[in-house]
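So for the sequence shown, the numbering used here puts the first residue at 61; every next one is plus one. For reference, the structure is listed below as structure tokens.
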Amino acid sequence: MVIALLASACSRPQGDANTEAPSVATAIEQAVTPAVAAAIGAGSTHPSPGVRWNRLHSEADVTSAFAEAREKNLPLFAYWGAAWCPPCNQVKATLFARPDFIALSQRFVPVYLDGDLPGAQKLAARFKVRGYPTMILFRPDGTELTRLPGEVDARKYLQVLELGLQAPQPVKQLLAQARSAPMQLDADAWRLLAYYAWDTDEQQVLPAAQRATTLARLARTCPADQAATCSRLLLKSLVARTDAAPRPMARRAPDLAASRDEVLAVLADEHLVRENLDLVTGYAGEITQLLTAAGTPERERMSALWAATLDRLTADARLSQGDRMTALVSRIALARLGRPGASAEQPAALSSVLIEHVQRETARADREVSDDDERQSVIPGAAEALAQAGLLDEADRLLEAELKRSHSPYYAMLSLAAHAKQRGHTSAALGWYERAYAAAQGPATRVQWGAIYVGALIELSPDDSARITDAARRVLGELQGQPDAFYERNARSLERMSGKLLDWSRRPPVRGAAVLGPLRAQRDTLCAALPPADPQQATCRALFAAPGAAKARSRTVPA
């Protein structure tokens with residue numbers, strides 16, 4: 061589904077977990093200022109003037125922000141997000157508005173980079189950020205210290221942020237030390253490695269191809285007295301393996317049998333479940349499928365234990381509404397796992413008990429969540445839960461009602477389009493895709509939504525050449541006057557659109573130059589407006605070009 065592509069206090073258990081090194085929470089209590097400690101204890105109920113963000117629009121703004129960091133000798137905290145992005149809205153609602161985060165922000169220079177601001181995509185290339193949200197802590201001299209995990213709950217995030225503020229070395233150096241001399245790392249260093257945002261690393265610390273094996277090695281060398289840290293490294297390594305090879309691997313990787321027992325131990329330990337809340341709620345189906353084979357006692361045991369854990373978390377009012385919805389969606393995925401004929405398009409039949417549970421929980425979330433930012437995170441999750449349970453009509457009613465309230469209704473429209481497509485209602489699906497593009501706000505978002513619309517037209521109405529060509533020309537028109545038209549997210553959207561159009565133009569009846577000619581002419585006008593040495597030239601010239609021609613042309617463009 062398109063949506064999937066747009067795309068993070070409990071009692072201590074008895075036993076070995078009690079013997080590990082001082083917890084992150086203990087470290088914070090010992091290290092933070094009294095004002096911050098008071099704010100953390102107060103939670104999010106006290107009024108606050110808010111974080112004094114430096115909003116970046118240009119390279120000059122970046123230079124100014126780092127100059128301020130150097131002058132004050134403070135780290136720089138960079139946030140990269142977008143108005144429509146559900147995880148970004150979760151962060152804004154549950155973290156940035158908290159007085160403890162606001163108090164902590166006095167100890168760094170906070171910068172806010174919205175992906176739809178003019179020039180933002182070029183700045184994204186400088187910061188090496190891609191997915192929304194990405195949050196990075198820099199030294200005043202610009203050295204990257206760590207990338208922070210936006211998917212963890214707010215209190216855990218604050219603990220990790222505090223560790224980052226006190227870190228004597230960047231995570232990249234800590235990783236090198238963990239590989240060469242792991243016994244020399246202290247508990248805080250291991251925690252920084254475990255809570256590093258590996259999924260938004262963009263190969264700054266580690267090549268993507270090495271992520272799964274490196275995390276598995278860290279999990280094995282992690283000190284045994286740090287149960288929470290070691291369990292997170294284990295789960296992170298398994299998530300990385302599912303990303304690299306999502307098919308079941310139980311019979312092809314002997315070490316996964318040991319991993320299976322370790323995961324079961326995590327699920328049986330309430331403290332470790334809470335320490336790894338984002339991973340337990342977000343990857344139940346993927347990890348279960350990785351570690352067990354369908355129809356086996358191992359699959360039945362892991363599924364049952366994970367399902368009970370997710371049910372407990374979904375019902376826990378201490379958790380954020382977003383975390384509870386994530387747990388609910390994973391609960392459905394777990395129930396569908398391994399069912400014959402089950403797919404995203406044809407969900408397996410669920411029990412009436414589970415369906416009623418989904419209906420109750422989604423209705424509760426809709427009723428209880430009033431903050432607009434939080435709703436932008438929670439309601440799409442609730443709609444996904446309903447859709448995954450086969451309740452498309454109920455999902456649509458929830459989303460259509462939200463269109464009147466959401467500050468970014470064009471995001472929900474993509475889900476409505478996907479649901480219509482799933483039903484086989486082509487005209488309705490294309491109508492929603494078109495409405496979503498028309499309603500989209502912000503230059504990068506409009507390019508992305510427009511490219512999605514073009515892709516939907518090619519897939520669902522391939523004979524409508526005029527409509528496809530017109531939509532593609534409109535997307536190219538969005539680029540006029542954009543200083544970063546061919547950077548980062550824009551570039552990826554345009555390249556996907558170009559590839560689909562090239563493939564479509566070769567299908568019978570071959571449309572070729574008749575369709576691509578006007579698009580190439582429009583492209584040439586855009587390229588000509590760029591300075592000859594602009595690095596965007598290569599991306600621009602490659603659009604709608606045959607692979608050989610694009611390669612030859614790009615060699616003549618200065619880097």
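Virtual Cβ for every residue (Gly too), placed ideally from N, Cα, C. These numbers were taken from a predicted model, which means no experiment stands behind them.
- The continuous stretches of beta strand (DSSP E) do not include Arg-190, and DSSP gives it neither H nor E.
- Rounded to whole angstroms, the gap between the alpha carbons of Thr-505 and Gly-355 is 44 Å.
- In this structure, the straight-line span from the alpha carbon of Asp-174 to that of Trp-140 is close to 6 Å.
- Leu-603 sits in coil when the DSSP states are folded into three classes, being neither helix nor strand.
- By the neighbour-count criterion, in which 16 or more other beta carbons inside 10 Å mark a residue as buried, Gly-342 falls on the buried side.
- Taking the C-beta atoms as reference points, Gln-349 is found nearer than 8 Å to Leu-397.
- Between the segment 506 to 516 and the segment 152 to 161, the count of C-beta pairs closer than 8 Å stays below three; the two stretches do not touch.
- Inside the segment 338 to 402, DSSP marks whole alpha helix (DSSP H) runs of 4 or more residues at positions 344 to 351, 357 to 374 and 381 to 396, from first to last along the chain.
- Taken atom to atom, the span from the alpha-carbon of Gly-345 to that of Gln-597 is near 43 Å.
- Inter-residue distance for Leu-275 and Arg-465 is about 42 Å (C-alpha atoms, whole angstroms).
- Non-local beta-carbon contacts of Arg-199 in its own chain, meaning distances under 7 Å to residues more than five positions away in sequence, involve Pro-135 and Leu-205 in chain order.
- The beta carbon of Ala-254 sits closer than 6 Å to those of Thr-289, Arg-292 and Leu-293, all from its chain and outside the five residues before and after it, given in chain order.
- Fewer than three pairs of CB atoms, one per stretch, sit closer than 8 Å, so the segment 173 to 192 makes no contact with the segment 236 to 253.
- Distances from the alpha-carbon of Leu-520 to those of Ala-496, Ser-487, Arg-495 and Phe-546 put Ser-487 closest.
- Contact between the segment 455 to 462 and the segment 433 to 447 is present, with at least three C-beta pairs closer than 8 Å.
- A contact is defined here as three or more CB-CB pairs under 8 Å, and the segment 372 to 388 meets this definition with respect to the segment 422 to 429.
- Lys-188 and His-331 have their C-alpha atoms roughly 35 Å apart.
- Under DSSP, Ile-415 forms no beta bridge with any residue.
- Runs of the beta strand (DSSP E) lying entirely within the segment 188 to 257, each at least 3 residues long, are 194 to 198 and 204 to 208 in chain order.
- Around the C-beta of His-417, 16 or more other C-beta atoms lie within 10 Å, and the residue is accordingly described as buried.
- Per the DSSP secondary-structure output, Tyr-172 pairs in a beta bridge with Arg-115 and Tyr-139.
- In terms of Cβ geometry, Leu-474 and Asp-456 do not form a close pair [threshold 8 Å].
- Taking 8 Å as the cut-off, the Cβ atoms of Ala-257 and Gly-210 count as close.
- Within its own chain, the residues whose Cβ lies closer than 7 Å to the Cβ of Val-575, once the five positions on either side in sequence are excluded, are Ser-525, Thr-529 and Ser-565, listed in chain order.
- Trp-113 is not a Cβ neighbour of Tyr-470, given a cutoff of 8 Å.
- Cβ neighbours of Thr-352 within its own chain (closer than 7 Å, five residues either side excluded): Ala-310, Arg-320, Glu-358, Arg-359 and Met-362.
- Here Leu-394 really is in contact with Leu-370; their C-beta atoms are around 7 Å apart, less than 8 Å.
- Each of Asn-149, Ala-581 and Asp-563 was checked against the Cα of Glu-434, and the nearest Cα belongs to Asn-149.
- Taking a C-beta distance under 8 Å as the contact criterion, Thr-273 and Pro-242 do not qualify as a contact pair.
- DSSP places Pro-159 in the uninterrupted alpha helix (DSSP H) bounded by 159 to 164.
- Out of Gln-540, Asp-176 and Pro-159, the CA that lies nearest to the CA of Leu-116 is found in Asp-176.
- CA-CA distance, Thr-203 to Phe-137, rounds to 12 Å.
- For Val-323, the enclosing alpha helix (DSSP H) has its first and last residue at 315 to 327.
- For Asp-432, the enclosing alpha helix (DSSP H) covers residues 432 to 448.
- Taking all protein chains shown into account, Arg-533 has fewer than 16 neighbouring C-beta atoms within 10 Å of its C-beta and is therefore exposed.
- Ranking Gln-229, Thr-194, Gly-191 and Leu-252 by CA distance to the CA of Gln-219 puts Leu-252 first.
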